[in-house]
Structure formats: structure tokens, C-alpha cells
Amino acid sequence: MLAPLLALACPLAERAQIDLTVLDRDMAGPRAQVLVLGTVHLRAMPPSFDPAALDGVLDRLAAFKPEIITIETENGEECDLAARHPVKYGTDYCPPVDAARVATGLEAPAAMAEANKLLKAWPAPPTPAQRRRLAALFLASYDNASAYVQWLQLPASERHPGDGLDAALVEQLVKLGKRNNESYQIAARLAARLGLARVHAVDNHTGDLIDVADSKAFVRSIEAAWATGGAFKKIEAIEEPLKRAPDLLPLYRSINAPDHLRVLAEANVVPSMRAVSKEGYPQIWVGGWEVRNLRMVANIRETFRERPGARVLSVVGASHKPWFDSWLGQLQGVDIVDVEKVLK
């Protein structure tokens, strides 16, 4: 009689929760090491920004020796899905691949399949012709950053049309190198430096494409919630002087510090959850934010699913880092690397 009564007395939540983080305590073989680098979006950097200011950051990331690098952009499968459902996703969900389709003669799914086939038999080292061919296939697959990884690894004398790259695609690759974007200036440059064949796009917006009756009112309600307390303005005041320095390592140390990330996470969510809204718009936004992060974390996991013990670097907007660290850290056989130690 006593046992059933004690069971009824225990809160349901206590009886239902199981600690999944300890299931891998006797794991055989090496554990994956995942480093999440929170970044500012380089497109918002001051006009004086010089990519060389990232050299100190790249040196420290290179010392971590990642075998897989992920970036905050949509992958080819998602872009192809969006292109086939323009009513839902619009016509500019991802960059166009028209020029690459003409140059290669391949639609995105066929280009992705051909690129994967090449990667499975990728030699060390590949010939310039093989690099040009793979770059063209990546461009036709919505994978511009990986195409740029291959372009950077070509000797200067081999950066010319051929093997699927026509003059238009060569011009596109040159322009990519001039973009202020962390996918190119951090992830792709680092991947090329380490001799990796590609980077992995893991962003996902299929779950935060929120369907509301009044989109303008939705945006206004979110902005009003975020303005409460002025946390984002305080964050901006800290970051702006650091963004203008000739060395951006102090900026990256600052935005990846636990105190900074805590303020950033709270600024995103706490005011939204507390905001009073008849439609519940701020709370709806948080739901979309969580779905997006969950799907991104799943995409990261997929990149090393077949590679237990891999060293993984995820380059993502700093707002995402608290969620990435928390959820990736709950996965089996995964350790989260302390980014502060890496950037020290």
C-alpha cells in the first residue's frame, strides 16, 4: 500500500524525467569535440572592416584543428525545397543558381548528387581540374561557401574558366571573396587553410516561417518586447568599439564570454515571454526561434553522424550559441569545447 501512495505523492515531472546525458558514460572510442564560435554578422561591420583583422581568430581556430566546419546558411536540399514551393517560401529564399545551371547543365539535385559522388572518391591532393569541377557543382547546389573553399585552394594561375566553371562563375567566385560574410571570411578561409574539401550549411528557416494574420503587427510586437530594458542597445555599446579595432580577436573573446551570452539569450527571450499580446505574437516568435535552433542542431549532428569522435566547428551568430551549447551538449558522445580557452 505504501509504494503506490509514495508514487502518487511524487510530482509527475520528477517521475517522468530521465537523465539522458549519462547514457554514454561507458562509450567506447573517442567522443566528438564540438566548438561553437559565436560571431557577429560581418555584413554589419563598419566600412573600415578589413578581413585581415580576423587573422588572430583564424589562427586560434586553426589550432583546434576542426575536421568539419558548419555555417549559418541554408543547405542545398532546403533551397531546392523552397524553389519548388514558391507560394510558401517566396522566390528569393536562397541565392539564384541560374548561371551555374547553365554552365554545368545540371539542376540542383543532380549537381548535389554529382558533388557527393566526387567527394566520396576525393583524392589527396586533387588536380586543379577536379577543384574547378567541384566548385562548379557546389555553385549549382546552392553551396557557394564550399565552392569558395575550392577556389581558395587553387593556385592563382589555375583560377580561370574550365571544367564547368565559365567566365560568369569565375566572376561570381571572385565577388564572393569580397563579401563581408562570416561564411566566407571565417569558415571558408579556415577550411581552405586546413585543406578541407567543403563547409556544411546547417541553417533552417522552414520552422520559423511563421504564419500570422498581420505580419506588420507581429514584427512591431517583437520589436516592442525587445526594446524593454534596452538590453540590445547595451550590447551594441559594448561591441561597436571592438568592431573598429584592427584586430578582432578581443571582439570575439567578448561576444563569446558567458556573461555576454547570458545577456544576449535573456534579451532575445525573456521580454518576449513576458510581453502581453492578445495574439500571443512574442511567444509565437519564441516558438519559431526554438524550432529553428532545434533543426540547426539536428543538421550539425548529421554532419558527424557517421564520424564518431570528429572535431567540429560551428560558426554561427552569437545569439544562437547558448542554444547550440545546451542542446548539442545533451547529445550522446558529444563534448562541448570551451571557446574561451580556444580564443585565449
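Residue 115 in our numbering sits at position 116 of the sequence shown, with consecutive numbering throughout.
From the three backbone atoms N, C-alpha and C, an ideal C-beta is built for every residue, glycine too.
P94 beta carbon less than 8 Å from that of Y147: Locating residue 147 in the sequence shown gives position 148, counting from the first residue. Locating residue 94 in the sequence shown gives position 95, counting from the first residue. Against a cut-off of 8 Å, the Cβ pair of P94 and Y147 comes out as no contact.
Complete alpha helix (DSSP H) runs within the segment 62-139 (minimum length 4 residues, chain order): Those alpha helix (DSSP H) runs which fall completely within the segment 62-139 and span 4+ residues are 75-82, 85-88, 97-103, 107-119 and 127-139.
Of the residues P127, L133 and P125, the one placed nearest E113, counting alpha carbons only: Translated into the one-based positions of the sequence shown, residue 113 becomes position 114. It is L133 whose Cα lies nearest to the Cα of E113.
Per-residue DSSP class, three states only, for L164: Here residue 164 corresponds to residue number 165 of the sequence shown, with the count starting at 1. In the three-state scheme derived from DSSP, where H, G and I count as helix and E and B as strand, L164 is classed as strand.
Given 8 Å, three or more beta-carbon pairs between the segment 289-308 and the segment 193-205: yes
Own chain residues within Cβ distance below 6 Å of G328, not counting five before or after: Numbered from its first residue, the sequence shown carries residue 328 at position 329. So the qualifying residues of the chain are I335.
Coarse secondary structure for H351, derived from DSSP in three states: Since the displayed the chain opens at 0 and closes at 343, residue 351 lies outside it and no answer follows.
Whole-angstrom distance between I234 and H259, CA atom to CA atom: As a working mapping, residue 259 is identified with position 260 in the sequence shown. As a working mapping, residue 234 is identified with position 235 in the sequence shown. Answer to the nearest angstrom: the Cα atoms are 8 Å apart.
Beta-carbon separation (whole angstroms), A102 vs D165, contact threshold 8 Å: Numbered from its first residue, the sequence shown carries residue 102 at position 103. Numbered from its first residue, the sequence shown carries residue 165 at position 166. The Cβ separation is near 4 Å, so the contact holds.
Cβ-based neighbour list, V262, same chain, cut-off 7 Å, excluding 5 preceding and 5 following: The residue you call residue 262 lines up with position 263 of the sequence shown. Contacts found: A230 and I234.
Same chain, Cβ closer than 7 Å to P50, neighbours up to 5 away in sequence not counted: Along the sequence shown, one-based indexing puts residue 50 at 51. Only Q184 meet the Cβ criterion.
Cβ distance (whole Å) where T69 is taken to contact I299 below 8 Å: In the sequence shown, residue 69 corresponds to position 70, counting from 1. In the sequence shown, residue 299 corresponds to position 300, counting from 1. So it is a contact: roughly 5 Å between Cβ atoms.
Whether A144 touches V56 by CB criterion (8 Å): As a first step, residue 144 must be located in the sequence shown, where it is residue number 145. As a first step, residue 56 must be located in the sequence shown, where it is residue number 57. Between A144 and V56, the gap from beta carbon to beta carbon reaches 8 Å or more.
CB contact flag (G308, A31, <8 Å): Reading the sequence shown from its first residue, position 309 is the one you call residue 308. Reading the sequence shown from its first residue, position 32 is the one you call residue 31. The beta carbons of G308 and A31 sit closer together than 8 Å.
Nearest-angstrom Cβ-Cβ length linking G228 and P270, presumed shorter than 8 Å: Here residue 228 refers to the residue found at position 229 of the sequence shown. Here residue 270 refers to the residue found at position 271 of the sequence shown. Sure, about 6 Å apart at Cβ, within 8 Å.
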